[in-house]
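Undergrad:
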Amino acid sequence: MEPPSQNLKTTPLLSLGRFHISEDYGFLLPHPLKQLPDYFRPWMEIANELPHLIESHQLRARVNKMPLLNCQFLKSYREQRLAHLVLSFMTMGYVWQRGETQPEEVLPRNLALPLVEVSRTLGLPPILVHSDLVLTNWTPRDPERPLEIGNLDLIVSFPGGESLRGFVLVTVLVEKAAVPGIKALVEAVNATSHRSQNALLQALQRLRLSIQEITRTLGQMHDYVDPDIFYAVIRIFLSGWKDNPAMPMGLIYEGVSTEPLEYSGGSAAQSTVLHAFDEFLGICHSKESADFLHRMREYMPPSHKDFIEEIQSSPSLRDHILSSENSQLLTAYNQCVEALVDLRSYHIAVVTKYLITAAAKAKGRRPNPLPGPSQALEERGTGGTVVLSFLKSVRDKTLEAILHERD
Ligand code: HEM
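Here UniProt numbering is used: the first residue of the sequence shown is 1, the next is one more, and so on.
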């Protein structure tokens, strides 16, 4: 018999719905819109031609002629999310149209004002974030068929062709692969509060399977994304203007502030998935890594950030497992931690291939007429951290969470 819970009646159940997280799509925005009302046609016309306008260096001229539109005419949450996606893509294109060596340091008011307005409404920063690039940027070709890469399209693109498409859509599929894990996490939190050992054991086993599925899905990067194209073409459009030697002062948002503002670029470090798993499993990162990761939570939709904080304030899973003296639970917990370590090791291998090795190759090719990344940025991620030491520390601290049976 399982011991009865003292706080059975007082602890409210954790649920996805309370945080606007979908049972079917997790943190992905369900059924994202592809079109805005006709009033916003000037934005959509540019967005639909974005790769060509950037490649032909015409984007800045087109944006400069764009009328100043009023975000009050965005009627629904999904319209606001599409507006943030479209305006943030235009912003990255505007700033980086001529490569890392010639960034544009002033964003014109007809782009800056609506971007900042819709960002305030959504509680997001006025720059491209993971929730734009990935969570809002997918559409099925045939809604009746399963979500797989051949049945998905992007809504807005950058240059980079099939590699750009693959990079975004594999990440969409990673978010989808996390859905059973997020649901298992919710069940496990509730099972811990209600001291239900069987339900907790099963939920932990489902969480482990989902983490392993995320790792397998991440492996699809190799099939769809060319490292040279990722490094030389795509990466720049994800770069921000905080801790970035190419834009040390930040970006002036005309009409918003006379001082330049600094924001990090888009990165899957802004995905809620691993933040939620870390909090649930009680993983403690080093101060430096934790500072960066916590800052990335400011780049998530606020309800997703609230979900992480709710998990953080739930009763400790580790304490519960240790006090239960249940070796099956301890093993299931450790298997989740090991699966997360494997995922992080695999991610380090992906980053090494797509950033470190690709940078070394690009260096070997210089001088080269292609606008390549500047030396100062080579070993830095799009979020601006010194990549490998950060990622290894995060992985190694995950491993330290393994529990040992008490003597
Ligand atoms: C070509 C593919 C990818 C590259 C080159 C890449 C690169 C990076 C880099 C450079 C960082 C360091 C933080 C930063 O500077 O922003 C990072 C962090 C991170 N990335 Fe990726 N990434 C890739 C794909 C993915 C995917 C598909 C996911 C899945 C959600 C992911 C999840 C994460 C997470 C969660 C972090 C934070 C560190 C951690 O919690 O372990 N990455 N990535």
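The beta carbon of each residue, even a glycine, is placed where N, CA and C say it ideally should be.
Output the distance between the C-alpha atoms of R98 and V156, rounded to the nearest integer angstrom.
TA: Cα-Cα distance, rounded: 20 angstroms.
Undergrad: Would you say G93 and L69 are within 8 angstroms of each other, going by their C-beta atoms?
TA: Not a contact, by the Cβ cut-off of 8 angstroms.
Undergrad: Excluding the 5 residues preceding and the 5 following H84 in the sequence, name in chain order all residues of the same chain whose CB lies nearer than 7 angstroms to its CB.
TA: So the qualifying residues of the chain are V118, S119, L122, L124, D132.
Undergrad: Apply the 10 Å Cβ neighbour rule to L13 and answer buried if 16 or more other Cβ atoms are within range, or exposed otherwise.
TA: It counts as exposed.
Undergrad: Flag V174 as yes when its Cβ comes closer than 7 angstroms to any non-hydrogen atom of ligand 1, and as no otherwise.
TA: Within the cutoff, so yes.
Undergrad: Starting from P301, follow its DSSP beta bridges and name the residues at the other end.
TA: P301 is not bridged to any residue.
Undergrad: Let me know if M300 comes out buried or exposed under the rule of 16 or more other beta-carbons within 10 Å of its beta-carbon.
TA: Burial call: buried.
Undergrad: What does a CB cutoff of less than 8 angstroms around S393 pick up in its chain, not counting 5 residues either side in sequence?
TA: Answer for S393: H285, S286, E288, S289, listed in chain order.
Undergrad: I want to check one thing, is the minimum distance from the CB of Q344 to the heavy atoms of ligand 1 below 7 angstroms?
TA: Correcting the residue identity first, residue 344 is Arg in this sequence and not Gln. Yes, the beta carbon of R344 sits closer than 7 angstroms to at least one heavy atom of ligand 1.
Undergrad: Of the residues P126, L399, I21, which one's Cα is nearest the Cα of I252?
TA: Comparing Cα-Cα distances from I252 to each of P126, L399, I21, the minimum goes to P126.
Undergrad: For the 8 angstroms Cβ check, are there 3 or more pairs between the region 155-173 and the region 100-119?
TA: Touching, no, given that fewer than three Cβ pairs across the two stretches are closer than 8 angstroms.
Undergrad: Ligand 1 heavy atoms versus the CB of A359: any closer than 7 angstroms?
TA: A359 Cβ: outside cutoff for every heavy atom of ligand 1.
Undergrad: Quick one: measure Cβ to Cβ for F19 and S316, integer angstroms, because I've assumed they're closer than 8 angstroms.
TA: Wrong, their Cβ atoms sit about 20 angstroms apart, outside the cutoff.
Undergrad: Which full runs of the alpha helix (DSSP H) of 4+ residues lie inside the region 327-374, going along the chain?
TA: Listed in chain order, the complete alpha helix (DSSP H) runs (minimum 4 residues) inside the region 327-374 are 327-351, 358-365.
Undergrad: Kindly indicate the opening and closing residues of the alpha helix (DSSP H) around A188.
TA: Counting along the chain, the alpha helix (DSSP H) containing A188 begins and ends at 179-193.
Undergrad: Since Y253 sits in a beta bridge, which residues does DSSP pair it with?
TA: L107, per the DSSP bridge assignment.
Undergrad: Nearer than 7 angstroms: is that true of the beta carbon of F27 relative to any heavy atom of ligand 1?
TA: No.
Undergrad: The alpha helix (DSSP H) spanning T217 covers which residue range?
TA: Taken as a continuous stretch (DSSP letters only), the alpha helix (DSSP H) holding T217 covers 197-218.
Undergrad: Report the three-state DSSP secondary structure of T139 (helix, strand or coil).
TA: Strand.
Undergrad: For the candidate residues S22, L128, D153, D319, whose alpha-carbon lies nearest to that of F280?
TA: With distances taken between Cα atoms, F280 lies closest to D319.
Undergrad: Taking 8 angstroms as the cut-off, does the region 30-50 touch the region 135-143 (at least 3 CB pairs, one atom from each stretch)?
TA: The answer is yes - the region 30-50 touches the region 135-143, with three or more Cβ pairs under 8 angstroms.
Undergrad: Do you know offhand how far P67's Cα is from F40's?
TA: For P67 and F40, the distance between alpha carbons rounds to 10 angstroms.
Undergrad: Could you check how far apart the C-beta atoms of I54 and P159 are, in whole angstroms? I think they sit under 8 angstroms.
TA: Going by Cβ atoms, the distance from I54 to P159 rounds to 6 angstroms, so yes, they are a contact pair.
Undergrad: G383 by DSSP, collapsed to three states: which one?
TA: Only weak support is given to the placement of G383: the predicted model assigns it a pLDDT of 43, under 50, and the question is left unresolved by the model.
Undergrad: Excluding the 5 residues preceding and the 5 following Y346 in the sequence, name in chain order all residues of the same chain whose CB lies nearer than 7 angstroms to its CB.
TA: The residues are T215, L218.
Undergrad: Beta carbon of F237: closer than 7 angstroms to some heavy atom of ligand 3?
TA: Among the ligands present in this structure, namely ligand 1, ligand 3 is not found.
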